[in-house]
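Numbering (full-length UniProt numbering), first residue to last: 1 to 348. Take a look at the structure set out below.
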């Protein structure tokens, strides 16, 4: 679809992927409706987007509340007359062993990450049905394909977001709504403040697990699927390789993921006190109202290339062995992936 002058709603816009996406759209002279719980962060973002040539408004919104999301959609239509693009992006998480996380926190992640997307999809698609066109973009995650330890609710929620996308696309096809599209974007680890304000009950500080990509890489992917609607897109070479490998050898990739999370997603040097993070209220740290989280997403190209080469190589071996039935070599391929993960994790 045509980007310039379109009306774009973005949830979770105050920081990270949402903020990067807003700035990308602003450079294309769109009309932006920016939603988040952080009022001051939204106001500064509106100023940045306006300076780039966009028209933008801020609508403070808690996406776990249905009425608030409906009000967000109504404000977009009142201000700009329509909704061309809706980006469901707001999400929260915790790091905790499954048996130790408070159930209240587990439910909160599901409320925001699943029901928040449901509310957003309802609000967007209702308006898009009336106008006959539009693009709904759901930001999921690679962990929706390969779940992680210690993030059970987040992994569940992102798998649910992928399922929601498939179901909605099927209904639109049956209803012959050719000009309404639902696209799902799967980012890998992204350099955002997300890890700084997640709830945590592990006793260890959560850090960005390599390989780390920039938030702008995801923002570009979102613009790409809006311009040329695509059912589902994994961001980055590593992300795409991991999805392919998991479908070829799920047990091996799940083991690699578990080991990598244990070794490089939770610090072995820096402790962390139990905290609910930003589950029930926005972070008050001004540093967390930014695109980046200080994880050097643009400077880890070498690590990405090492891991990517191993994953692609493992995939070629696995594919060939599936044809030959040579299972011992498959194990060797998985070992190659594991070695690359370990190498990429050093120094992070």
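Glycine included, C-beta positions come from ideal geometry on N, C-alpha and C.
Counting C-beta pairs closer than 8 Å gives fewer than three between the stretch 205 to 220 and the stretch 160 to 174, which falls short of the contact rule. The C-alpha of residue 128 is placed about 8 Å away from the C-alpha of residue 82. In the three-state DSSP reduction, residue 180 falls in the strand class (E or B).
Residue environment: residue 158 is assigned as buried (16 or more neighbouring CB atoms within 10 Å of its CB, all protein chains considered). The Cβ-Cβ distance between residue 283 and residue 196 falls below 9 Å.
In the three-state scheme derived from DSSP, where H, G and I count as helix and E and B as strand, residue 54 is classed as coil. For residue 222, the enclosing alpha helix (DSSP H) starts and ends at 215 to 227.
When 41, 101, 133 and 90 are compared, the shortest CA-CA separation from residue 2 is found for 133.
Comparing C-alpha distances from residue 178 to each of 190, 229 and 104 shows the shortest one belongs to 229. Residue 194 has its alpha-carbon roughly 14 Å from the corresponding atom of residue 140. For residue 10, the uninterrupted beta strand (DSSP E) run begins and ends at 7 to 10, by DSSP. Sequence-distant partners of residue 153 (beyond 5 residues in either direction) whose C-beta falls short of 7 Å from its own C-beta, in its chain, are 94, 106, 109 and 110. If you look at residue 261, you'll find it isn't in any beta strand (DSSP E); it sits in the alpha helix (DSSP H) that goes 250 to 264. Excluding its 5 nearest sequence neighbours in each direction, residue 217 has C-beta neighbours in its own chain below 7 Å: 235 and 236, listed in chain order.
The beta carbons of residue 26 and residue 42 sit no closer together than 9 Å. Between residue 7 and residue 30, the gap from beta carbon to beta carbon is short of 9 Å. As DSSP reads the structure, residue 191 sits in a beta bridge with 214.
Looking at the backbone, the Cα of residue 226 and that of residue 269 are separated by about 42 Å.
Annotation: residue 16 to residue 35 spans about 13 Å, alpha carbon to alpha carbon. Taking the Cα positions, residue 143 is about 33 Å away from residue 4. Contact between residue 198 and residue 266 does not hold, since the beta-carbon distance rounds to 11 Å and is not under 8 Å.
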